[in-house]
Amino acid sequence: GNSVTQMEGPVTLSEEAFLTINCTYTATGYPSLFWYVQYPGEGLQLLLKATKADDKGSNKGFEATYRKETTSFHLEKGSVQVSDSAVYFCALNPSATDSWGKLQFGAGTQVVVTP
Amino acid sequence: GAGVSQSPSNKVTEKGKDVELRCDPISGHTALYWYRQSLGQGLEFLIYFQGNSAPDKSGLPSDRFSAERTGGSVSTLTIQRTQQEDSAVYLCASSLGGSNGYTFGSGTRLTVV
């Protein structure tokens with residue numbers, strides 16, 4: 018079946034540190050991959066996406082590259098800010114032929130950035 | 014509307030009572046999804062609508078849970094005879110489909126006491 022595995026949190030780091038959140042997936046077919054962010058007290062927001070192998074999604078200084086050979090979609094940011102403190106969810110849409118299908122989410126990784 | 018709207022934002026109910034949660038998706042989004050997020054847990058899929066029909070309701074935890082969508086727009090999630098384990102944040106999302114991803118509402122925090 019389809020699944021998403023992401024590193025457990027919380028991840029605690031200082032402002033301006035480098036952030037990596039690992040995400041690996043299992044899927045049949047050719048999934049689309051997403052990162053969502055949930056700030057405290059808010060709903061989930063789409064952060065970035067990639068729809069095919071070797072695509073790089075980027076937004077707000079965050080990047081993730083769709084690696085088919087390692088079935089990974091790791092999220093990175095070079096210099097985090099306190100405002101990046103949130104829960105980050107990796108997700109996949111299992112198949113390009115089932116474009117309406119439900120997203121499969123990882124368990125989420127809490128990131129805490131201290132001044 | 015500009016975003017996905019959910020109401021109420023918070024609901025406290027007594028065990029055994031019925032509750033209705035409402036979701037108003039983005040205009041023109043034909044796909045609508047309900048998820049549940051329990052404290053410290055990830056997102057649990059409940060049901061998905063395409064237009065007014067529900068091709069996938071595999072995530073509904075029990076027959077106490079039901080959902081409908083009318084006019085290809087507003088959806089209502091109903092939980093009958095609520096139990097304490099139903100306490101969670103219920104999230105609604107809508108989508109244009111494909112690689113567009115979802116737009117989520119802010120959720121309804123349900124507390125069963």
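Protein chains in written order, with my numbering: chain A, 18 to 132; chain B, 14 to 126.
Quick reminder that beta carbons are idealized off the backbone N, C-alpha and C, glycines included.
Computed from a predicted structure; not experimentally measured.
The beta-carbon of A:A81 is placed no less than 8 Å from the nearest beta-carbon of chain B. For the stretch 62-81 of chain B, residues whose beta-carbon sits nearer than 7 Å to a beta-carbon of chain A comprise Q63, D69. Beta-bridge partners assigned by DSSP to B:S20: B:R35.
Pairing A:T68 with A:Q127, the inter-Cα distance amounts to about 25 Å. The closest CA to that of B:S86, considering only B:Q63, B:G55, B:V32, B:V25, is found on B:Q63. Around the C-beta of A:N110, 16 or more other C-beta atoms lie within 10 Å, and the residue is accordingly described as buried.
For the pair B:S22 and A:T37, the Cα-to-Cα distance works out to about 33 Å. Beyond the five residues adjoining it in sequence on each side, B:G29 comes within less than 6 Å, by CB distance, of R94 in the same chain, given in chain order.
Just so you know, the alpha carbons of A:G125 and A:Y105 end up roughly 5 Å apart.
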